[in-house]
Amino acid sequence: MPNAPTWGYGGASYLGPTISAKRGVPIEINAQNDLGPHPLAFAIDPTLHGAMSEDATSPRASLHLHGGNTEPGSDGHPEDTFLPGDGKTYHYVNDQEATNLWYHDHALGITRLNVMAGLAGFYLLRDDWDTGTSDNPIGLPAGQYEVPLVIQDRMFTEDGAMDYPAGPLKIWSPEFFGDVAVVNGKAFPNLDVDRGLYRFRVINGSNARVYNFYLSNNRPFFQIGGDGGLLNAPVSLTRLILAPGERADLLIDFSNEASGTKVILKNTAPAPFPDGPRSERKGGLPLKEIMQFTVGSALGFTPLIPASLRATPIIPLPAPVKVRNLSLVEIMDMEADEPLMALLNNLPWDTNEIEQPKVDTVERWNIINTTGDTHPIHLHLVQFQVLSRQKFRVEDYLETHYEDLGHDAYGSHPVPSADPFLIGRSRKPDANEGGWKDTVRANPGEVLSIMVPFGGKAAPGVPFGQSFVGDYVWHCHILEHEDNEMMLPYQVVA
Numbered sequence: 011m012p013n014a015p016t017w018g019y020g021g022a023s024y025l026g027p028t029i030s031a032k033r034g035v036p037i038e039i040n041a042q043n044d045l046g047p048h049p050l051a052f053a054i055d056p057t058l059h060g061a062m063s064e065d066a067t068s069p070r071a072s073l074h075l076h077g078g079n080t081e082p083g084s085d086g087h088p089e090d091t092f093l094p095g096d097g098k099t100y101h102y103v104n105d106q107e108a109t110n111l112w113y114h115d116h117a118l119g120i121t122r123l124n125v126m127a128g129l130a131g132f133y134l135l136r137d138d139w140d141t142g143t144s145d146n147p148i149g150l151p152a153g154q155y156e157v158p159l160v161i162q163d164r165m166f167t168e169d170g171a172m173d174y175p176a177g178p179l180k181i182w183s184p185e186f187f188g189d190v191a192v193v194n195g196k197a198f199p200n201l202d203v204d205r206g207l208y209r210f211r212v213i214n215g216s217n218a219r220v221y222n223f224y225l226s227n228n229r230p231f232f233q234i235g236g237d238g239g240l241l242n243a244p245v246s247l248t249r250l251i252l253a254p255g256e257r258a259d260l261l262i263d264f265s266n267e268a269s270g271t272k273v274i275l276k277n278t279a280p281a282p283f284p285d286g287p288r289s290e291r292k293g294g295l296p297l298k299e300i301m302q303f304t305v306g307s308a309l310g311f312t313p314l315i316p317a318s319l320r321a322t323p324i325i326p327l328p329a330p331v332k333v334r335n336l337s338l339v340e341i342m343d344m345e346a347d348e349p350l351m352a353l354l355n356n357l358p359w360d361t362n363e364i365e366q367p368k369v370d371t372v373e374r375w376n377i378i379n380t381t382g383d384t385h386p387i388h389l390h391l392v393q394f395q396v397l398s399r400q401k402f403r404v405e406d407y408l409e410t411h412y413e414d415l416g417h418d419a420y421g422s423h424p425v426p427s428a429d430p431f432l433i434g435r436s437r438k439p440d441a442n443e444g445g446w447k448d449t450v451r452a453n454p455g456e457v458l459s460i461m462v463p464f465g466g467k468a469a470p471g472v473p474f475g476q477s478f479v480g481d482y483v484w485h486c487h488i489l490e491h492e493d494n495e496m497m498l499p500y501q502v503v504a
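11 is the number of the first residue of the sequence shown in the working numbering; add one for each residue after it.
The following block contains the structure:
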């Protein structure tokens, strides 16, 4: 098939250049919108808040550094867009721990289509500890043995163009699940590897698909970092769940594989996650194989897995100054038994009822998921710690506080606590969630609690050094959901 019509950054035909930045060295990114007609113009839905029919020929753009501790004017706010012929300069202070950030488009109402067309890329932040060089003090693979992987799922028409099936009720679809795995812009690729240890910097760049990765040889691998930087110590895994927007820093050892061995990166997660599959008619397409590694004869990088990873261990945040309850709800068309949208706090994007944390304080956010799906919740500006998850009686909570869910029947704000409806004991985060996060899985029927520092002076050990006040957003990182109201502003105040 011919190449699909796509977009890219910095002259690339799809995705964009990997930016390597260093902590303490600010940079500026000059973004110029030279986009032509939208490759997915047929999927633009002007009934969504912010989307316009003009986006088909004159598409808006906004650049967001996902995971970046960034000043408000450079955060890539969904309404801070610019048209073809215009541009914007973004300032990134880079005052945070070394980690795998990524940049992507964030234009209100068409984020899912702009990112699908190719507007995303890696942003590797280095520091004096995790240098990315072969002489790094941790002993991690570098150079050709450090490989970025952005994993997406896509769907194609018979002539090779990207497809985006319409939803059952309107152009917008509740989620997009493709039947082709695309890694770094290539469908079902192969990577030739030496017999040694590799560091893979993995981004789940899919619109909606959650993955449960494993290797076809069932060998364990190690996660050494997450969204916000290195873990305290490597975590041995045979399965890795990764939701849209999440990142994983992985070590995979091929040194014991014979030359010529083929190892497949596979996936068992249903779609939607975790209780799919829906029928394929409703979009629950399985995607069982992602990419292949072919082991060569050359000897590669063969040190031991480091026992510890950080010069200064991560410590728990102190008691919060405020506890906030936040809810995730789904609005259904009862006749068609199809979702119309999902909401945060049962409120629309243009509400005035927003959270206003005080700068340089720590808050506890209890995220109450009343829906049937896992939602990856992303907070702009900050990195946070996962505290706990606990089941609750969903129906009792809804009957008490959301008797008539609907777009014209908004719930009260502040959101009522789910504490009277909790079931059993809370459980700690998974071992590989023990580091700093900016995107986290809120599972159905659970209260997810996170501890959030809103500034570099909020507590000892915070992994970023700057404190900003101003306007930011928090949202579900299923792109179809954030494009259809599952996103709210929040404001850091002095």
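Where a beta carbon is used, it is the ideal one built from N, C-alpha and C, also for glycine.
Integer Cβ distance of residue i from residue j, believed to fall under 8 Å
i, j, result
"residue 403", "residue 437", "Incorrect: roughly 17 Å between the Cβ atoms, too far for contact."
"residue 387", "residue 452", "5 Å"
"residue 445", "residue 325", "Between residue 325 and residue 445 the Cβ distance is about 12 Å, and since that is not below 8 Å, they are no contact."
"residue 210", "residue 260", "5 Å"
"residue 172", "residue 50", "6 Å"
"residue 353", "residue 263", "Not a contact, Cβ separation roughly 44 Å."
"residue 192", "residue 163", "7 Å"
"residue 198", "residue 301", "7 Å"
"residue 133", "residue 73", "Between residue 73 and residue 133 the Cβ distance is about 11 Å, and since that is not below 8 Å, they are no contact."
"residue 313", "residue 149", "5 Å"
"residue 490", "residue 184", "6 Å"
"residue 428", "residue 457", "5 Å"
"residue 226", "residue 180", "So it is not a contact: roughly 40 Å between Cβ atoms."
"residue 423", "residue 348", "At roughly 27 Å, the Cβ-Cβ gap does not stay under 8 Å, so residue 423 and residue 348 are not in contact."
Host beta strand (DSSP E) of residue i (start-end)
i, result
"residue 450", "449 to 452"
"residue 159", "156 to 164"
"residue 385", "385 to 389"
"residue 435", "Where residue 435 is concerned, there is no enclosing beta strand (DSSP E), given that its DSSP letter is neither H nor E."
"residue 359", "Looking at the DSSP string, residue 359 is not in any beta strand (DSSP E), and its letter there is neither H nor E."
"residue 281", "Element bounds for residue 281: n/a, residue is neither H nor E."
"residue 342", "332 to 343"
"residue 132", "130 to 136"
"residue 373", "372 to 379"
"residue 302", "299 to 309"
"residue 286", "Segment: none, residue 286 is in no beta strand (DSSP E) and carries neither H nor E."
"residue 27", "Run containing residue 27: none; DSSP gives neither H nor E here."
"residue 443", "Counting along the chain, residue 443 falls outside any beta strand (DSSP E), and DSSP gives it neither H nor E."
"residue 484", "480 to 486"
Limits of the unbroken alpha helix (DSSP H) element including residue i
i, result
"residue 407", "404 to 411"
"residue 123", "121 to 127"
"residue 327", "Careful: residue 327 lies outside any alpha helix (DSSP H) and carries neither H nor E."
"residue 491", "489 to 493"
Sequence-distant residues of the same chain with beta carbon closer than 6 Å to residue i, five excluded per side
i, result
"residue 103", "36 and 476"
"residue 5", "Residue 5 is absent from the structure shown; the chain starts at 11 and stops at 504."
"residue 370", "465, 467, 468 and 477"
"residue 395", "327 and 461"
"residue 156", "209"
"residue 66", "48, 51 and 54"
"residue 30", "134"
"residue 19", "26 and 131"
"residue 279", "220, 221 and 222"
Residues near residue i by beta carbon distance below 7 Å, same chain, minus five either side
i, result
"residue 417", "Confidence at residue 417 is low in this model, with a pLDDT of 48, below 50, so the placement of that residue should be treated as unreliable; the coordinate-derived value is given next. The answer, listed in chain order, is 341."
"residue 330", "372, 373, 374 and 461"
"residue 167", "173"
"residue 187", "163, 218, 219, 281, 293, 294 and 295"
"residue 58", "119, 182, 493 and 494"
"residue 16", "23, 24, 49, 127 and 128"
"residue 96", "43"
"residue 93", "43, 68 and 70"
"residue 214", "161, 221, 252, 253, 254, 255 and 256"
"residue 189", "165, 295 and 297"
"residue 343", "179 and 350"
Closer than 9 Å to chain C by CB, residue i
i, result
"residue 460", "Reference to chain C is not applicable here, since this structure consists of a single protein chain."
Beta-carbon proximity list for residue i, same chain, < 8 Å, skipping 5 on both sides
i, result
"residue 474", "79, 105, 106, 107, 392, 393 and 466"
"residue 10", "The structure shown has nothing for residue 10, since the chain only spans 11 to 504."
"residue 441", "245"
"residue 243", "317, 318 and 319"
- Item | In chain order, each beta strand (DSSP E) run of at least 3 residues that lies wholly inside the segment 205 to 266 | With a minimum length of 3 residues, the continuous beta strand (DSSP E) runs that stay inside the segment 205 to 266 are 207 to 214, 221 to 225, 231 to 236, 239 to 247, 250 to 252 and 257 to 263.
- Inter-stretch contact (C-beta, 8 Å, three-pair minimum) for the segment 107 to 123 and the segment 235 to 253: Three or more Cβ pairs drawn from the segment 107 to 123 and the segment 235 to 253 lie within less than 8 Å of each other, which places the two stretches in contact.
- Could you say if the segment 108 to 127 and the segment 266 to 284 meet the contact criterion of at least three C-beta pairs nearer than 8 Å? These segments do not touch.
- Taking only runs of the beta strand (DSSP E) that begin and end inside the segment 50 to 134, which ones reach a length of at least 3 residues, in chain order? The qualifying runs are 73 to 76, 97 to 102 and 109 to 115.
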